[in-house]
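Enquirer:
Residue numbers (UniProt numbering): 1 to 580.
#1: When burial is assigned at 16 or more other CB atoms within 10 Å of the CB, is residue 200 buried or exposed?
#2: Leaving out five residues on either side along the sequence, give the residues of the same chain with a beta carbon under 8 Å from the beta carbon of residue 67.
#3: With DSSP as the reference, please indicate the residues paired to residue 528 in a beta bridge.
#4: For residue 450, write down the residues that DSSP places opposite it in a beta bridge.
#5: What number of angstroms, rounded off, separates the C-alpha of residue 422 from the C-alpha of residue 138?
#6: Helix or strand or just coil, what does DSSP make of residue 67?
#7: Where does residue 577 fall in DSSP's three states?
#8: I'd like the list of long-range same chain contacts for residue 638, defined as Cβ closer than 8 Å, with 5 residues on each side in sequence excluded.
#9: By Cβ distance below 8 Å, which residues in the same chain neighbour residue 3 in space, the five residues on each side in sequence not counted?
#10: Go ahead and label residue 55 buried or exposed: buried means 16 or more other beta carbons lie within 10 angstroms of its beta carbon, across all protein chains shown.
#11: Would DSSP call residue 72 helix, strand or coil?
#12: Taking a contact to mean a Cβ-Cβ separation below 8 Å, would you say residue 160 touches residue 194 in this structure?
#13: Residues in the same chain with beta-carbon distance under 7 Å from residue 129, minus the five sequence neighbours each way, listed in chain order, please.
#14: Looking at the strands, I want to know which residues DSSP matches up with residue 581.
#15: Cβ of residue 316 less than 8 Å from any chain C Cβ?
#16: Let's test the definition: count the other Cβ atoms within 10 Å of the Cβ of residue 123 and tell me whether it reaches 16, buried, or not, exposed.
#17: Which same chain residues end up closer than 8 Å to residue 257 when comparing Cβ atoms and leaving out the 5 residues on each side of it in sequence?
#18: With DSSP collapsed to three states, give me the class of residue 233.
#19: From this set, 33, 483, 234, 409, which residue's C-alpha is nearest residue 545's C-alpha?
#20: Measuring straight from C-alpha to C-alpha, what distance separates residue 326 and residue 261?
#21: Kindly indicate which three-state DSSP category residue 61 falls into: helix, strand or coil?
#22: Starting from the Cα of residue 136, find the closest Cα among 93, 151, 106, 167 and give me that residue.
#23: List the residues that DSSP assigns as beta-bridge partners of residue 284.
#24: Select from 39, 317, 368 the residue whose C-alpha is nearest the C-alpha of residue 116.
#25: Give the straight-line distance between the Cα atoms of residue 341 and residue 573, rounded to the nearest whole angstrom.
#26: Near residue 12, what residues of its chain come up, given a Cβ to Cβ distance below 6 Å and the 5 sequence neighbours on each side ignored?
#27: Going along the chain, which unbroken runs of the alpha helix (DSSP H) with 4 or more residues stay wholly within the stretch 106 to 166?
#28: Does the Cβ of residue 497 lie closer than 7 Å to at least one heavy atom of the ligand ADP?
#29: Check whether the stretch 356 to 370 touches the stretch 406 to 424, counting contact only when three or more Cβ pairs, one atom from each stretch, lie closer than 8 Å.
#30: Let me know the alpha helix (DSSP H) ranges lying completely inside the stretch 429 to 473, each 4 residues or longer, listed in chain order.
#31: Three or more C-beta pairs under 8 Å: does that hold for the stretch 553 to 570 against the stretch 498 to 517?
#32: On a CA-only basis, which of 110, 333, 312, 309 is nearest residue 319? Give me that one, please.
#33: When DSSP builds the beta bridges, which residues end up paired with residue 512?
#34: If you draw a straight line from the C-alpha of residue 53 to the C-alpha of residue 73, how long is it?
#35: Which stretch, first to last residue, makes up the beta strand (DSSP E) that contains residue 335?
#36: At 3 residues or longer, what runs of the beta strand (DSSP E) sit wholly inside the stretch 164 to 208?
Here's what the structure looks like:
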């Protein structure tokens, strides 16, 4: 990588040999699959594969992270930008267990990953050998598929299957464990790699059934107050243009989930914000007023629905979803459409009638106006010199014209970013949704920047989450890639403090942070940065951040006990929105 990358002009003998070791077969399989980047960390049980990687440095870029969790989250950021599997390579034992959190995160957020992990020699399996643990058993509930290889002859076929399973249907993580002996042994058959195109026992349905599309169209055409909730599935299937065409023809207001943000231009007249615990007022309340609810590529997570017993009971539900197990799991669908979001919207377009729904759309405007008066004005236009999180994000949005890739960690800053960053470009949000993983953003922003080096990538992180993976500043510094990092620092675990303030009688139980000097830490890694605490200097500070052609860290000292509103209390009805 960079100056340390060794360029090879001719393939080595190990690359051209028909009879490869297992380790060489791993490398050649990745090359033939079209992989260009690996995020990893070497160790004892994966050393034969790293030794083989030495001969593939001209074809595979390996990025050395500082912790295996960083490899997983970086692979997630990479995958989310390119809609193809990110690849991790780690050793056995703690190397593999350190991947468990990003694997679980990827499973919940439908992110394709192929994780290749080492294991002790086959003859030592089950003996509690050094750095042996049952990663297959541990990862089984949080992967789409996992497999242990003890025979090097299996490697090409299993790796091909791994990518097919990870990237098709509802994407997700796959884990392949390879014993050290399988890596070191020579295959007894000539190496041959064939990309997997089908598996008998795994048949994801991408094209929806015609009769199901027709039933959905009938409900939509008969609706007086239809409402669309668009989720991550729209981005995964790259159906943003189809969604736009669909809503413009039908005149249906559309909200996007947290992971579905950027599927619609934030300034589109039919975009009404986002629903959920800290979502927009109207987007939440009017869920229980629509007569047809059209869910596209989303799974009715509890952060969206609140109290399921009161959620959209008045509405007929059209649920477009590629994963059949999500149909009827949380919300009963009157017209289920199993299939890829892009294919389903294409099939629906000629069947739906042109409409405007002006009166219905005007109801969202009333709620928006009330939210603006009670919340937005206070967040963006206040007196004094203290910086509020909302104004920092709104100004960032203005200065980047809503076109940056924004990677958020988890907490108050995540909700604030979703509220005030006006996404203008498709596929521009990378965040941890289902797992809510603090520490996600720093490595994920690096992975995103590796995937799309020509786009501005900005990580927005809280002071708590930043300290969970700050060692990945070393990875960013070594790469030289211009990741921009904003820490919104309120010296609290802000979201937990807000809950303790609102629901636990202000009993602040272990949420106040004595933070280090973040700028000194960044400079220790070789990354420039500075702190801003006066709102009069915020604009200039953001300019310094964005104008840097190198990695840069901006620490923004924010109002210490600021709360994020609107808020639907956990488990409450979506109409019970708190505005203050």
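Every residue, glycine too, gets a C-beta built ideally from N, C-alpha and C.
Expert: Put simply:
#1: exposed
#2: 41, 98, 469, 471, 472
#3: 552
#4: Answer is none; residue 450 lacks a bridge partner.
#5: 40 Å
#6: coil
#7: coil
#8: Nothing can be reported for residue 638: it is not among the residues displayed for the chain, which extend from 1 to 580.
#9: At residue 3, the pLDDT of 35 sits below 50, so the modelled position is not reliable; the number obtained from the coordinates is stated separately. Excluding positions up to five away in sequence, the list is empty.
#10: buried
#11: helix
#12: yes
#13: 120
#14: Outside the shown range of the chain, which is 1 to 580, sits residue 581, and nothing can be said about it.
#15: Within the model displayed, chain C is absent; a lone protein chain is all it includes.
#16: exposed
#17: 229, 230, 231, 232, 274, 275, 276, 298, 301, 304, 433
#18: helix
#19: 483
#20: 20 Å
#21: strand
#22: 93
#23: In DSSP, residue 284 forms no bridge with anything.
#24: 39
#25: 28 Å
#26: Low per-residue confidence applies at residue 12: pLDDT is 46, beneath 50, and the placement is therefore not dependable, though the value from the model is reported in the following sentence. The residues are 55.
#27: 135 to 139
#28: By its list of ligands, the structure shown contains no ligand whatsoever, and the ligand ADP lies outside what it can speak to.
#29: no
#30: 441 to 451, 463 to 466
#31: yes
#32: 333
#33: 492
#34: 22 Å
#35: 335 to 338
#36: 173 to 179
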